[in-house]
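In what follows, a structure is listed as structure tokens, so that the remarks can point back to it.
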Amino acid sequence: MPKSGPKSGSKAQSTIINKVVNVDGVFRKPEPRGRSEHPDPDVRNLENKLDDIGREPKPRRWDYMEPSGDRNRDHERLKERWNEFIDENPRGWSNKQRTPCVSAVWDRQSGRVYYDHNVHKRDKWNMNPDDLDPILRERYNKSLDKDGPFWKLQEDQGRHGAPGTHSETRATNQALKDARADGREPFMEDFMIHNGNPKSKDSMRCCGNCTQMCDGAHGSKAGWESDGAGSHRVDESWNGDFSV
Ligand SMILES: [Zn+2]
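FYI, the numbering for the sequence shown is 1405 to 1648, going by the working numbering.
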């Protein structure tokens, strides 16, 4: 049952104003801009950095990470970020889009974390090398010579589509491009990869293409025998741990 309306003019006015002012999210004073007081130091740093370059801060915890000095610990943290990103699904990716694999690629120099999913269906054969950063483009071009000395193939590698169409390589590509846009000469060693299946949350090794496309990035060889030809033999005993 609705409340009875106000009876006198002045009282009616103040009641209406109070009602309007008290409705959440309406006519609220803008938040003061000052330095961020967010309790998470990573979010605080990101907010302050975005403030410094004049962008509206919309930081999320999974978008940014500072190195801890312990690489294995950092991989655990990256995995935590990945899990949060999967749970929140901030880009609204459908299950079709984001399965079987979503990757988090952390640029250890800038602190930014990139996420991507695979390209599906026919498009997974449509890799345009012009879309690739020069480091990845060179590797892609080597992959075209399948009998050449630089590109090692698994038996059924063709099912993965063209090199460059998978989540970790796409995320690494964006990270490389942004690093150059920052005015920096990037190295693959600047980056760290975590791959997982969004449904099961299980870790996934890079495929035969991505382990070569992302070679040098930490995690690109997880789940692969290090002494195989071109590091190109699946380690069947891998337990899903990237922190190695
Ligand atoms: Zn792959």
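Glycine residues also receive a C-beta, built at the ideal position from the N, C-alpha and C atoms.
Requested in this report: Grab the span of the alpha helix (DSSP H) containing W1486 for me, first residue to last.
Outcome: 1475–1492
Query raised in the report: H1570: beta carbon under 8 Å from a heavy atom of ligand 1?
Result: yes
Query raised in the report: Is the CB-CB distance between N1522 and C1505 below 9 Å?
Result: yes
Query raised in the report: Is T1573 near ligand 1, judged by its Cβ being under 8 Å from some heavy atom?
Result: yes
Query raised in the report: N1532: beta carbon under 8 Å from a heavy atom of ligand 3?
Result: Because ligand 3 does not appear in the structure shown, any question about it cannot be addressed here, the ligands present being ligand 1.
Query raised in the report: Looking at N1599 and G1568, is the spacing between their C-beta atoms short of 9 Å?
Result: no
Query raised in the report: Any idea what DSSP makes of N1599, helix, strand or coil?
Result: strand
Query - Contact under 9 Å by Cβ, W1529 with G1496 - result: no
Query raised in the report: What's the gap between the Cα of A1558 and the Cα of M1596?
Result: One detail in the question is off: residue 1558 reads as Gln in this sequence, not Ala. Each residue's Cα considered, the two are about 24 Å apart.
Query raised in the report: Between the C-alpha atoms of N1577 and C1618, what's the straight-line distance to the nearest angstrom?
Result: 9 Å
Query raised in the report: Since R1574 contacts D1520 with CB under 8 Å, what's their CB separation in whole angstroms?
Result: 4 Å
Report task. Return the CA-CA distance between F1591 and W1628, expressed in angstroms with no decimal places. Result -> 21 Å
Query raised in the report: What are the complete beta strand (DSSP E) segments, minimum 3 residues, inside the stretch 1545–1633?
Result: 1595–1600
Requested in this report: Would you identify the three-state DSSP class for H1524, choosing helix, strand or coil?
Outcome: coil
Query raised in the report: By how many angstroms is the C-alpha of G1552 removed from the C-alpha of D1645?
Result: 31 Å
Requested in this report: Following the continuous beta strand (DSSP E) through S1507, name the residue where it begins and the one where it ends.
Outcome: 1506–1511
**Report entry** Backbone CA spacing between K1605 and K1625 [nearest angstrom]
**Finding:** 19 Å
Requested in this report: Could you tell me the distance, in whole angstroms, from the CA atom of P1434 to the CA atom of R1448?
Outcome: Annotation note: pLDDT 45 at P1434 (below 50); position unreliable, no value reported.
Query - Straight-line gap, W1510 to D1549 (C-alpha atoms, nearest Å) - result: 30 Å
Requested in this report: Mind checking who R1516 pairs with in its DSSP beta bridge?
Outcome: Y1468
Report task. Enumerate in chain order the residues of its own chain whose CB-to-CB distance from R1543 is below 6 Å, with the five nearest sequence positions on each side excluded. Result -> M1617
Report task. In the DSSP assignment, find the alpha helix (DSSP H) that holds R1495 and state where it starts and stops. Result -> Looking at the DSSP string, R1495 is not in any alpha helix (DSSP H), and its letter there is neither H nor E.
Report task. Determine, using beta carbons only, whether S1507 and E1593 come nearer to each other than 9 Å. Result -> no
Requested in this report: Could you say which of R1588, V1517, A1585, V1638 lies nearest to M1608 if we only look at CA atoms?
Outcome: V1638
Query raised in the report: Do D1446 and E1480 have their C-beta atoms closer together than 9 Å?
Result: no
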